[in-house]
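Chemist: Taking our numbering, I'd label the letters of the sequence shown as residues 248 to 880.
Every residue, glycine too, gets a C-beta built ideally from N, C-alpha and C.
The structure follows.
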Amino acid sequence: RTIAFVNTSAVAGGALVACACDEIWMLPGSRIGLAPPAVPENEELSKTAQDTLMAQSLALLKAGVRSLCKLKNHRADVAEAFVDKDLELIIADQKVSAKGELLLLDADQAIAPTGGAPLLAKGLCDDLTDLKAKALGGAEVLELKPASETEAKPAPGAKVAAAKSGAATTPKKGLYTGKVVRITVGEEDLITPARFEFMGRTLERCTEEGAEAVIFDLDTPGGLAWQTTTLMMRDLQKFKGRTISFVNPRALSAGAMIAVATDAIYMAPASSVGGATPVNGDYSEMGKAERAKINSAFLSMARTVSKEKGHDPRVIEAMIDMDRELIINGQKLCGKGDILTLDANQATMIVDGRPLFAKKIVDTFDEVKSVEGLKGETVTAEPQGFESIAIWVTTYASVLILIGVAGAYMEMQAPGFGLPGFISIIAFGIFFFGHYVAGSLVGQEALFAGAVLITGLVFLVVELFVFPGTLIFGVLGFVFIVGSLIYTMSGWEISAPLPMPEGADSGTAAEGLPFTLAPYATAIRNVAIGFTGAVALILVMMRYLPDVGPFRRMVLATSAGGSTEETPELRAAAAVRVGAAGMSRSALRPYGTVEIDGRMVEAMVESGYLQAGERVQVREVRGSKIIVEALPS
């Protein structure tokens with residue numbers, strides 16, 4: 248006997264695994280479906296050949312799920328609608344999925360009775376303990392994990408899950424015990440991945456310590472979509488206390504999604520909520536198929552959470568889907584082609600004896616507590632210690648990249664090891680440490696990012712000192728280093744699927760949903776700003792500090808004693824004659840070592856680069872700076 252417990256989500260292959268089990272049980276608020284066939288993209292094949300392969304894969308997959316469902320006594324038409332978007336599923340005169348849409352069921356739909364039996368899932372379970380009681384007669388459950396999983400980073404809420412399964416039964420005493428915890432969500436909080444980690448940990452701690460309630464004080468234009476859905480579907484749903492949103496004064500886009508995932512919503516007098524349609528992080532236009540698929544996933548998640556929290560799902564649907572029309576009490580709040588955004592009066596209007604979206608308009612945070620009857624002291628959750636470092640580093644990552652790149656370039660232009668190199672190491676050290684603390688680099692992820700970075704540095708060393716001028720090693724080094732920076736900031740886990748919308752598969756290009764850069768948009772932006780700023784800084788330094796060479800005064804050189812005029816550099820320059828010929832003993836990029844009159848001195852070229860072993864001539868001596876040029880062969 249096999250049982251599938253859908254704990255939050257079973258999409259793509261997960262939905263097929265569930266259908267292969269004898270019984271399916273759902274966590275309240277979970278969803279199952281979206282399992283199209285996957286065909287690897289092959290540029291050598293024509294579109295017709297690709298379409299043929301897709302059709303063959305679809306036929307095989309449909310035949311397979313039909314056989315599975317017959318064997319396990321599940322409805323075959325439901326499983327087929329998971330994999331074939333061209334199927335229309337109508338049950339009891341109700342359209343469950345339309346043509347052009349893959350089926351994604353929420354928990355309530357999956358257990359809905361049809362013909363005397365549930366549509367797909369046998370019932371709902373709150374956790375493994377509940378599942379043991381309902382499906383296993385209290386039998387002991389042995390949890391098996393791959394060895395590699397011991398290195399995986401714990402997700403916010405993992406301790407909560409352990410508590411629910413019986414590992415802990417009473418809240419521990421702490422800062423949040425019996426308190427009302429206020430989580431502020433400001434202008435830029437939802438575009439910072441570390442902030443989501445902080446909110447997840449705060450909710451976990453509130454459960455562990457028995458907080459009376461959590462109130463989100465929202466003033467946000469939106470942010471990262473997929474991180475928001477994790478907060479909605481996992482972190483907020485695992486918190487056992489009361490959750491409240493105070494729209495003060497904006498909860499747009501991702502902010503509206505957070506609001507609908509809480510038990511109660513309150514509006515400030517001049518506030519607005521809505522506009523939650525997902526967009527690409529790089530603001531590029533979505534294709535029709537891509538838009539349909541992403542909307543389907545977001546609509547299902549939002550609808551599930553909205554029902555779970557007692558809100559009208561039509562409202563959040565109109566906030567997400569431009570094709571939804573919302574007419575309430577004869578008033579058209581949103582027409583087709585528009586995205587719903589409600590003001591305070593609209594959100595609190597009475598429909599069938601209850602507020603449309605928000606319970607009441609209130610003036611202050613304390614009034615929210617008063618209306619809800621909350622007695623606990625208010626504690627504002629603030630990042631502490633390493634959490635503050637993580638949020639600061641992820642917010643100013645582009646500045647750290649700028650400093651690190653500029654410092655590294657300055658260091659490479661000067662002999663020895665000096666202050667620019669030290670500053671570069673410090674900047675990149677803070678960058679990687681901050682992202683490690685933020686949870687982006689743990690276990691395998693840290694090893695992978697480190698390996699990519701070191702490989703890039705090795706390529707650069709090979710380019711500079713082994714095969715100077717070949718460019719290929721320099722380009723490879725640059726690509727590897729940039730890749731490690733983007734990987735570090737994106738927070739993608741090696742063991743996780745590619746960061747595509749849930750339900751999308753590796754073959755979605757054939758359906759018009761290509762790989763999207765949206766999850767990497769912030770990382771790519773930070774890298775672009777950092778490198779562009781570094782180039783600008785280097786150009787400014789070269790323009791306004793020409794007399795200090797490659798910022799020679801920042802180099803930590805050993806003093807030879809005596810006055811500035813008696814330094815070794817000045818003595819060496821004074822001994823060199825303009826017009827003297829010599830040989831380059833290292834690559835000049837633009838600084839390097841040349842041999843002139845049997846003496847090894849440091850020199851530079853003002854245009855281009857020179858390789859080791861080229862004949863040079865002294866063109867100018869300017870203070871301690873010796874300027875050379877290549878002699879014709």
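Do you know offhand how far V258's Cα is from L835's?
Modeler: Taking the straight line from one Cα to the other gives about 57 Å.
Chemist: Go to K379, then tell me how far its alpha helix (DSSP H) extends in each direction, as first and last residue.
Modeler: Residues L375 to A382.
Chemist: Report the option in I563, V652 and I597 whose CA atom is closest to the CA atom of G577.
Modeler: Comparing Cα-Cα distances from G577 to each of I563, V652 and I597, the minimum goes to I597.
Chemist: As a quick exercise: from V865, E537 and D585, pick the residue whose alpha carbon is nearest that of G347.
Modeler: Nearest C-alpha to G347: E537.
Chemist: Using the Cβ count rule (16 or more neighbours within 10 Å means buried), how would you classify L391?
Modeler: L391 should be labelled exposed.
Chemist: Return yes when the Cβ of A644 is within less than 8 Å of the Cβ of I785, no when it is not.
Modeler: No; because the gap between Cβ atoms is not below 8 Å, this pair is not in contact.
Chemist: Taking just the CA atoms, how far does A382 sit from V729?
Modeler: Answer to the nearest angstrom: the Cα atoms are 50 Å apart.
Chemist: Only counting the same chain, and skipping five residues up and downstream in sequence, which positions put a Cβ closer than 6 Å to that of A637?
Modeler: So the qualifying residues of the chain are A441, G681, V684 and A685.
Chemist: Does the Cβ-Cβ distance between T467 and G521 come in under 8 Å?
Modeler: Result no, Cβ atoms of T467 and G521 do not sit closer than 8 Å.
Chemist: Consult DSSP for L564 and reduce its assignment to one of helix, strand or coil.
Modeler: The question names Leu, but residue 564 is Glu in the sequence shown. In this structure, E564 counts as helix in the three-state DSSP scheme.
Chemist: Indicate the three-state DSSP secondary structure (helix, strand or coil) for M301 in the structure shown.
Modeler: In this structure, M301 counts as helix in the three-state DSSP scheme.
Chemist: Which residue or residues does DSSP assign as beta-bridge partners of G829?
Modeler: I843 and V863, per the DSSP bridge assignment.
Chemist: Is the beta carbon of A822 less than 8 Å from the beta carbon of S871?
Modeler: Contact flag unset, no.
Chemist: With distance defined between alpha-carbon atoms, name the residue in G557, H558, T524 and E619 nearest to G584.
Modeler: Among G557, H558, T524 and E619, the Cα nearest to that of G584 is on T524.
Chemist: From S553 to T249, what distance separates their C-alpha atoms?
Modeler: Rounded to whole angstroms, S553 to T249 spans 31 Å at the Cα level.
Chemist: DSSP three-state label for F486, please.
Modeler: Here F486 sits in coil by DSSP.
Chemist: The beta strand (DSSP E) that contains T588, what's its start and end?
Modeler: Start and end: T588 to D590.
Chemist: Classify K629: buried if its beta carbon has 16 or more other beta carbons within 10 angstroms, exposed otherwise.
Modeler: The sequence given here has Glu at residue 629, not Lys. By the neighbour-count rule (16 or more Cβ atoms within 10 Å), E629 is not buried but exposed.
Chemist: Taking three-plus beta-carbon pairs below 8 Å as touching, is the segment 706-721 in contact with the segment 767-787?
Modeler: At 8 Å Cβ cutoff, the stretches do not touch.
Chemist: Taking buried to mean at least 16 other C-beta atoms within 10 Å of its own C-beta, is P283 buried or exposed?
Modeler: Buried, because 16 or more other Cβ atoms sit within 10 Å of the Cβ of P283.
Chemist: Provide the residue(s) that pair with I271 in DSSP beta bridges, ordered along the chain.
Modeler: Bridge partners of I271: A251.
Chemist: From F612 to V427, what distance separates their C-alpha atoms?
Modeler: If you take the alpha carbons of F612 and V427, they lie about 11 Å apart.
Chemist: Expressed to the nearest angstrom, what Euclidean distance is found between the alpha-carbon atoms of T779 and N542?
Modeler: Going from the Cα of T779 to the Cα of N542 covers about 35 Å.
Chemist: Residues in its own chain within less than 6 Å of V407 by CB, not counting five upstream and five downstream?
Modeler: For V407, the predicted structure reports a pLDDT of 40, less than 50, and the residue's modelled location is therefore unreliable. A value from the coordinates is still provided. Correct list, in chain order: E451, T454 and K485.
Chemist: Pick out the complete alpha helix (DSSP H) segments inside the segment 463-511, 4 residues or longer, and give them in chain order.
Modeler: As far as the segment 463-511 is concerned, its whole alpha helix (DSSP H) runs of at least 4 residues are 472-477 and 501-507.
Chemist: Look at the alpha carbon of T431 and the alpha carbon of S617, and state the distance between them as a whole number of angstroms.
Modeler: Each residue's alpha carbon lies about 19 Å from the other.
Chemist: Suppose you measure from the CA of S806 to the CA of V863; what does that come to, to the nearest Å?
Modeler: Residue placement at S806 is poorly supported in this model, since its pLDDT is 41, which falls under 50; the coordinates are not used for a value here.
Chemist: Out of curiosity, what's the CA-to-CA distance linking V507 and I701?
Modeler: In a straight line, the C-alpha of V507 is about 45 Å away from that of I701.
Chemist: Can you give me the Cβ contacts of M566 inside the same chain, cut-off strictly under 7 Å, excluding the 5 residues immediately before and after it?
Modeler: Only A503, G521, G522, A523, I586 and L587 meet the Cβ criterion.
Chemist: Return the chain-ordered list of same chain residues with a C-beta closer than 6 Å to the C-beta of R313, the five sequence neighbours on each side being excluded.
Modeler: Result list for R313: A323, in chain order.
Chemist: Short of 7 Å in beta carbon distance, which residues of its chain neighbour S277, apart from the five on each side in sequence? Order them along the chain.
Modeler: Answer for S277: V253, N254, T255, S256 and A354, listed in chain order.
Chemist: Rounded C-beta distance between R429 and D464? I'm assuming under 8 Å.
Modeler: Contact flag correct, Cβ pair sits at about 6 Å.
Chemist: With DSSP as the reference, identify every bridge partner of I338, one or two as the case may be.
Modeler: BP columns for I338 point to Q341.
Chemist: Please check the pair F604 and L580, which I expect to be a contact at CB under 8 Å, by giving their CB distance rounded to whole angstroms.
Modeler: Actually they do not touch by this definition, with Cβ atoms about 10 Å apart.
Chemist: Would you mind giving the Cβ-Cβ distance between I874 and E853, rounded to the nearest angstrom? I have them listed as a contact below 8 Å.
Modeler: Correct: roughly 6 Å between the Cβ atoms.
Chemist: Looking at the unbroken alpha helix (DSSP H) that takes in D436, where does it start and where does it end?
Modeler: First-last for D436: undefined, no H or E at that position.
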